[in-house]
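**Student:**
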Amino acid sequence: MKTVLHIKTAVSAALVLLAAGGTVFAEGPVLSGNTETTVFAGAGAGTSPDFFYGAEEYANLRLKIPAGEFASVYGAFNLIAAAGSHAAAAVPGGTGNAAGGGFSSFTAGENYAAALELERLYLQLSGDTLGLGAGLLRIPLGYSLAWGPMDFLNPGNPLVPRARLRAVLGVLGSWYPLDGMKAFGFAAAPKDPFALGGGGARFGLGWENHWPRASLQLLASYESPASYTSAPSVPADYPLGLYRFGFSLKAEIELGFTAEAFYTLNPDSPDFLPGLSAAAGFDYSLFDGTCYVLAEYLYSGTESISAAGPANLQGKRNNHYLYASLAWIWSDYTTVSLGAGICLDDPSAVPSLCWEHEAFQGITLSVEARVPLDGDSFGNGNAGEFGPAANGSRFSLNAGLRVKF
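Everything in the sequence shown is counted per our numbering, starting at 627 for the first residue and increasing by one.
Shown next as structure tokens:
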């Protein structure tokens, strides 16, 4: 009952914010977003049943309210009604529609489960050379095409490319001293929202510059001392905190090239290679832009920001990964794409084939098939990180109808 009240309160607050925006500010609020209806079915593996299904109605609503000449208030929230496997993904700790996990407010009914998640809520101040964002916001870092080792505050997942990226509660300040140049600094609350002592808070300073054919970003970050016990079998303590620094480079030559390295230094255990997370890749358009190719390799050290551990339970367990995709623009309205995330150590992979068609302006139909593979799929008994058991399926098919407004 308390969860239902929380959902009602959040929706009421959003409506009040809309009404207030229209009366207080000269410019009215701008509401946009998208809704998506999906059905999902698959053949199970591991702990999943032999056959499973899911159905979902999902909405992402975004709100912008101008607050004078230099300020705006931004908000966004996700709404979901789901059954079957999608309902299981909506509970806290599930996969959900966001890249970082399940929804925080959740209630189950007789026919469906409902959830709500506050996705963004922040104030943005913008001047000629200075900018400041404060609240629940996204702080994008690096230019990586897929794996994003430097984007550690809001990590994405190339295996779920359409998932909404989570935000962090923090502040981001920017300074633009010259055209194409930016210096920035940020502070973000710890991953554990109940850390009363502030252990695990993240702070950073960065600089980036854009030239006609290249861009470079440098970043240095510090995480305050913390103790992680979310995985009791492998607790981790960082009594001296964690230091992180790295660079991200992108260049447009004959093809688009990116290189990114982000190093985590634990002064209590200063081995070099385990702390390194690095990626390099390229993208290229062929046949007058009708074919798009992308590939990126990732090295993930065992103590790096992208590795699995008590502080990152969804991280990667191995060291060498590859992501590749090929998109064919069949017409102005239809695209067919083939992609795969591959763990080179196991080996194991998650190939996917997707068809998208814009039936009308703002209305898109999509069908996606995924077939996780590893050694066990071919009878040698070697289960892999991206294999059927880890994904809970041997085959899955997803069909959706997406409407933007």
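Positions of the beta carbon are idealized from the N, C-alpha and C atoms, including for glycine.
The model shown is predicted, which means the values in this text are computed figures rather than measured ones.
Using the C-alpha atoms, what's the distance from Cys917 back to Phe1031?
**Tutor:** Along the sequence shown, read from residue 1 onward, the residue named residue 1031 stands at position 405. Along the sequence shown, read from residue 1 onward, the residue named residue 917 stands at position 291. Rounded to the nearest angstrom, the two C-alpha atoms are 28 Å apart.
**Student:** With the cut-off set at 7 Å, would you say Ala702 and Glu745 are in Cβ contact?
**Tutor:** Along the sequence shown, read from residue 1 onward, the residue named residue 702 stands at position 76. Along the sequence shown, read from residue 1 onward, the residue named residue 745 stands at position 119. Yes, these two residues count as a Cβ contact at 7 Å.
**Student:** Give me the Cα-Cα distance between Gly670 and Leu842, rounded to the nearest whole angstrom.
**Tutor:** To locate residue 670, count along the sequence shown from 1; it is residue 44. To locate residue 842, count along the sequence shown from 1; it is residue 216. The alpha-carbon atoms of Gly670 and Leu842 are separated by roughly 44 Å.
**Student:** Nearest to Gly872 by alpha carbon, out of Glu880, Ala904, Pro865?
**Tutor:** As a first step, residue 872 is located in the sequence shown; it is residue number 246 there, counting from the start. Among Glu880, Ala904, Pro865, the Cα nearest to that of Gly872 belongs to Ala904.
**Student:** Do you know how far the Cα of Ala995 is from the Cα of Ser1022?
**Tutor:** The residue given as residue 1022 occupies position 396 in the sequence shown. The residue given as residue 995 occupies position 369 in the sequence shown. About 6 Å.
**Student:** Alpha helix (DSSP H) containing Ala885: first to last residue?
**Tutor:** Sequence index remark: in the sequence shown, residue 885 carries index 259 (1-based). For Ala885, no alpha helix (DSSP H) encloses it; the enclosing beta strand (DSSP E) starts and ends at 882-891.
**Student:** Identify whether Leu744 lies in helix, strand or coil by the three-state DSSP scheme.
**Tutor:** If you number the sequence shown from 1, residue 744 lands on position 118. Leu744 falls in the strand class under three-state DSSP.
**Student:** Ala1015: buried (16+ other C-beta within 10 angstroms of its C-beta) or exposed?
**Tutor:** To locate residue 1015, count along the sequence shown from 1; it is residue 389. By the 10 Å Cβ count, Ala1015 comes out buried.
**Student:** Could you pull the start and end residues of the alpha helix (DSSP H) that Pro1014 belongs to?
**Tutor:** What you label residue 1014 is simply residue 388 of the sequence shown in a count that begins at 1. Run containing Pro1014: 1014-1017, per the alpha helix (DSSP H) assignment.
**Student:** With burial defined as no fewer than 16 other Cβ atoms inside 10 Å of the residue's Cβ, what is the status of Pro775: buried or exposed?
**Tutor:** As a working mapping, residue 775 is identified with position 149 in the sequence shown. The residue in question, Pro775, is buried, as its Cβ has 16 or more Cβ neighbours within 10 Å.
**Student:** Could you spell out where the beta strand (DSSP E) holding Phe908 opens and where it closes?
**Tutor:** As a first step, residue 908 must be located in the sequence shown, where it is residue number 282. DSSP places Phe908 inside the beta strand (DSSP E), whose first and last residues are 902-912.
**Student:** Between Leu822 and the ligand NAD, is the CB less than 6 Å from at least one heavy atom?
**Tutor:** Looking at this structure, you won't find the ligand NAD or any other ligand, since it has none at all.
**Student:** Quick one, are the C-beta atoms of Gly867 and Pro851 less than 7 Å apart?
**Tutor:** On the sequence shown, position 241 is the one that residue 867 refers to. On the sequence shown, position 225 is the one that residue 851 refers to. In contact: Gly867 and Pro851 (Cβ atoms closer than 7 Å).
**Student:** Find the nearest neighbour of Leu687 within the set Val665, Asn945, Asn660, Gly694, judged by alpha-carbon distance.
**Tutor:** Here residue 687 is taken as the residue at index 61 of the sequence shown, counted from 1. The shortest Cα separation from Leu687 among Val665, Asn945, Asn660, Gly694 belongs to Asn660.
**Student:** Provide the residue(s) that pair with His946 in DSSP beta bridges, ordered along the chain.
**Tutor:** For the purposes of this step, residue 946 is identified with residue 320 of the sequence shown, where counting begins at 1. The partner list for His946 (beta bridge, DSSP) reads Tyr925.
**Student:** Considering only the alpha carbon of each residue, which of Pro977, Thr961, Asp971 lies closest to Ala985?
**Tutor:** In the sequence shown, the residue the question calls residue 985 occupies position 359. Residue Thr961 is the option with its Cα nearest to Ala985.
**Student:** With a Cβ-Cβ cutoff of 7 Å, do Gly967 and Pro781 count as a contact?
**Tutor:** For the purposes of this step, residue 967 is identified with residue 341 of the sequence shown, where counting begins at 1. For the purposes of this step, residue 781 is identified with residue 155 of the sequence shown, where counting begins at 1. Not a contact, by the Cβ cut-off of 7 Å.
**Student:** Pick from Gly811, Ile765, Ala772: whose alpha carbon is nearest that of Val794?
**Tutor:** Here residue 794 corresponds to residue number 168 of the sequence shown, with the count starting at 1. Nearest neighbour of Val794 by Cα position, chosen from Gly811, Ile765, Ala772, turns out to be Ile765.
**Student:** Would you mind giving the Cβ-Cβ distance between Phe899 and Gly927, rounded to the nearest angstrom? I have them listed as a contact below 8 Å.
**Tutor:** Within the sequence shown, numbered from 1, the residue matching residue 899 stands at position 273. Within the sequence shown, numbered from 1, the residue matching residue 927 stands at position 301. Strictly speaking, residue 899 in this sequence is Leu, with Phe absent from that position. Sure, about 6 Å apart at Cβ, within 8 Å.
**Student:** Would you report the Cα separation of Leu979 and Gly965, rounded to the nearest angstrom?
**Tutor:** Sequence index remark: in the sequence shown, residue 979 carries index 353 (1-based). Sequence index remark: in the sequence shown, residue 965 carries index 339 (1-based). If I take the Cα positions, the gap works out to 7 Å.
**Student:** Could you pull the DSSP bridge partners for Leu939 from this structure?
**Tutor:** Position 313 of the sequence shown, counted from the first residue, corresponds to residue 939. None, per the DSSP bridge assignment.
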